[in-house]
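Novice: Sharing a structure below in structure tokens format, with a few things to ask.
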Ligand SMILES: [Zn+2]
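In our numbering, the protein residues as written are 1250 to 1430.
Shown next, in the form of structure tokens:
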């Protein structure tokens, strides 16, 4: 299904990425981690490198965004062409990145213990998150429902065991700041 539309799907997706990058630049987010290391990966979520390099453990929560957006859009608009649902999912994710980097949400995340150092994502990290969402959407479009459910539960479990955080806990922290688990 994803193959049918091919290149036609790619251009709007790139425009969405570009629009997000421009918006984040206007918001004053840094391009990359201030540490100066070009390592694409940072695995210490308690360090200042978190959310500043291209990929970190939270990358995997954004894969789940893609899976959940796929499920949501499939429920809401089952007849909408897959490409359109894909662009919608990417747009939702781009908007999430902008909201995540707004002062209000940054302050909320800061009040929780895990994200004490949080001062918003770097632009590179937001682009990585968008790619993760696209990958999650693609996985959900190709997997049977039970496969997507297993992907979500498995990722949440591994993340919890690994960094004591997960997509569920991130959302929890957003709504109930200052009440770490
Ligand atoms: Zn760094």
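From the three backbone atoms N, C-alpha and C, an ideal C-beta is built for every residue, glycine too.
Helix, strand or coil for residue 1421 per DSSP?
Specialist: helix
Novice: Compute every distance between the C-beta of residue 1453 and the non-hydrogen atoms of ligand 1, then say whether any falls below 7 Å.
Specialist: With the chain covering only 1250 through 1430, there is no way to say anything about residue 1453.
Novice: So residue 1314 is in the alpha helix (DSSP H); what residue range does that whole segment cover?
Specialist: 1308-1325
Novice: What is the DSSP secondary structure of residue 1287, reduced to helix, strand or coil?
Specialist: coil
Novice: Is it buried or exposed for residue 1420, if we count other Cβ within 10 angstroms and need 16 for buried?
Specialist: exposed
Novice: So, do the region 1396-1413 and the region 1333-1343 have three or more beta carbon pairs nearer to each other than 8 Å?
Specialist: no
Novice: Looking only at its own chain, which residues have a Cβ that is under 7 Å from the Cβ of residue 1336, when we skip the five neighbours before and after it?
Specialist: 1261, 1262, 1265
Novice: Quick check on the DSSP output: what are the complete alpha helix (DSSP H) runs of length 4 or more inside the region 1344-1394, in order along the chain?
Specialist: For the alpha helix (DSSP H) assignment, the uninterrupted runs of no fewer than 4 residues enclosed by the region 1344-1394 are, from N- to C-terminal side, 1352-1359, 1372-1391.
Novice: How would you call residue 1425, buried or exposed, if buried means at least 16 neighbouring beta carbons within 10 angstroms?
Specialist: Only exposed fits residue 1425, as fewer than 16 other CB atoms lie within 10 angstroms of its CB.
Novice: In this structure, does DSSP put residue 1258 in helix, strand or coil?
Specialist: helix
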